[in-house]
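Written below as structure tokens is the structure these notes are about.
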Amino acid sequence: MRVTIVTIFPELFAPLLSTSLLGRAVEKGFLEVHVVDLRQFAEPPHHVVDDEPYGGGAGMVMQAPPWIRAVRELSGPDTWKILLSPQGQTLSEAKVRELSTRPDCLFLCARYEGVDERVRRTVVDEEISIGDYVVAGGEVPAMVLLEAVSRQLPGVVGRSSSVENDSFRSGILDFPHYTRPRDVEGMAVPDVLLSGNHAAIEHWRQREALRSTLRKRPDLLAQTDLTAAQEALLREIQVEDEPHAKVKS
Numbered sequence: 055m056r057v058t059i060v061t062i063f064p065e066l067f068a069p070l071l072s073t074s075l076l077g078r079a080v081e082k083g084f085l086e087v088h089v090v091d092l093r094q095f096a097e098p099p100h101h102v103v104d105d106e107p108y109g110g111g112a113g114m115v116m117q118a119p120p121w122i123r124a125v126r127e128l129s130g131p132d133t134w135k136i137l138l139s140p141q142g143q144t145l146s147e148a149k150v151r152e153l154s155t156r157p158d159c160l161f162l163c164a165r166y167e168g169v170d171e172r173v174r175r176t177v178v179d180e181e182i183s184i185g186d187y188v189v190a191g192g193e194v195p196a197m198v199l200l201e202a203v204s205r206q207l208p209g210v211v212g213r214s215s216s217v218e219n220d221s222f223r224s225g226i227l228d229f230p231h232y233t234r235p236r237d238v239e240g241m242a243v244p245d246v247l248l249s250g251n252h253a254a255i256e257h258w259r260q261r262e263a264l265r266s267t268l269r270k271r272p273d274l275l276a277q278t279d280l281t282a283a284q285e286a287l288l289r290e291i292q293v294e295d296e297p298h299a300k301v302k303s
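Here the sequence shown stands for residues 55 to 303, numbered as in this note's numbering.
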């Protein structure tokens with residue numbers, strides 16, 4: 055997969071692209087990433103990329119021509135062009151998986167009050183947001199999107215089961231994880247995880263994943279097609295948790 059990132063702060067991406075999973079993915083050729091400075095597409099001699107908004111306002115707006123020139127020069131026939139924007143569709147596991155199947159993506163990282171509307175109308179295929187809040191620019195959202203998408207690429211994560219068990223992968227949260235030491239401040243590792251009984255461990259993990267989802271993100275359960283076995287487990291969990299819920303209320 056090839057990703058091109060257009061930004062006025064290309065130096066922000068160097069540590070990310072040389073560290074951990076992303077660094078190995080780039081080094082091994084599973085992921086090709088190019089970071090491009092938008093200013094090289096602005097008019098010399100000053101390479102200005104922003105100006106005051108028509109109609110007045112407190113902030114600056116990024117001009118359309120540099121973005122349009124950059125996207126048209128950097129894009130091929132199969133390039134999917136994404137503007138990172140708080141006005142976009144909220145990023146989800148389904149969207150991440152969809153984008154991971156695209157061979158060529160271009161991320162537009164805006165700053166200030168955003169970009170001239172004509173950029174959206176001419177060279178953007180899709181707007182993506184990482185949540186209902188505003189950050190200083192599109193660079194951090196682009197990093198989030200890049201890391202999330204890269205996990206889906208074959209070979210990037212050593213164990214494919216790590217990705218398959220990710221939260222949201224099947225519509226519910228991940229199960230709890232434990233490692234050494236066996237006891238931490240009086241909290242012991244559940245006995246079933248030490249039993250060596252793989253069937254019992256798998257059953258526990260499915261049960262606790264549902265319990266975690268019910269307690270933390272019950273909204274997800276309404277959006278997920280549970281199997282008959284999962285629905286039976288969920289009913290058991292609801293009965294078990296009911297006394298605790300009454301005490302808390």
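Ideal Cβ positions, reconstructed from N, Cα and C, are used throughout, including at glycine.
Between the stretch 254-268 and the stretch 223-230 there are three or more C-beta pairs closer than 8 Å, enough to call the two in contact. Exposure of PRO157 is indicated by the presence of fewer than 16 other C-beta atoms within 10 angstroms of its C-beta. Judged by DSSP in its simplified three-state form, ASP295 adopts helix. Distance between ARG172 and ALA118, taken at the CA atoms: about 6 Å.
Taken atom to atom, the span from the alpha-carbon of SER139 to that of LEU264 is near 32 Å. The C-alpha of GLU167 is placed about 15 Å away from the C-alpha of GLU181. With a cutoff of 8 Å on beta-carbon distance, VAL89 and LEU160 are scored as not near each other.
VAL203 sits close to VAL150, with the two beta carbons spaced by under 8 Å.
In the structure shown, THR176 falls within a helical segment according to DSSP collapsed to helix, strand and coil. Taking 3 residues as the minimum length, the beta strand (DSSP E) runs contained wholly in the stretch 134-166 are 134-144 and 158-163, in order along the chain. Relative to the Cα of LEU66, the nearest Cα in the group ASP104, MET241 and PRO195 belongs to PRO195.
A distance below 6 Å between beta-carbons, with the five flanking residues on each side excluded, links VAL243 to the following residues of its chain, in chain order: TYR232 and ARG236. With a cut-off of 8 Å on Cβ pairs, the stretch 90-97 is in contact with the stretch 121-131, counting three or more such pairs. Under the criterion of beta carbons closer than 8 Å, LEU288 and LEU268 qualify as touching, at roughly 7 Å.
Taking the CA atoms as reference points, PRO131 sits about 32 Å from SER74. Taking every protein chain shown into account, the CB of VAL210 has 16 or more other CB atoms within 10 angstroms, so this residue is buried.
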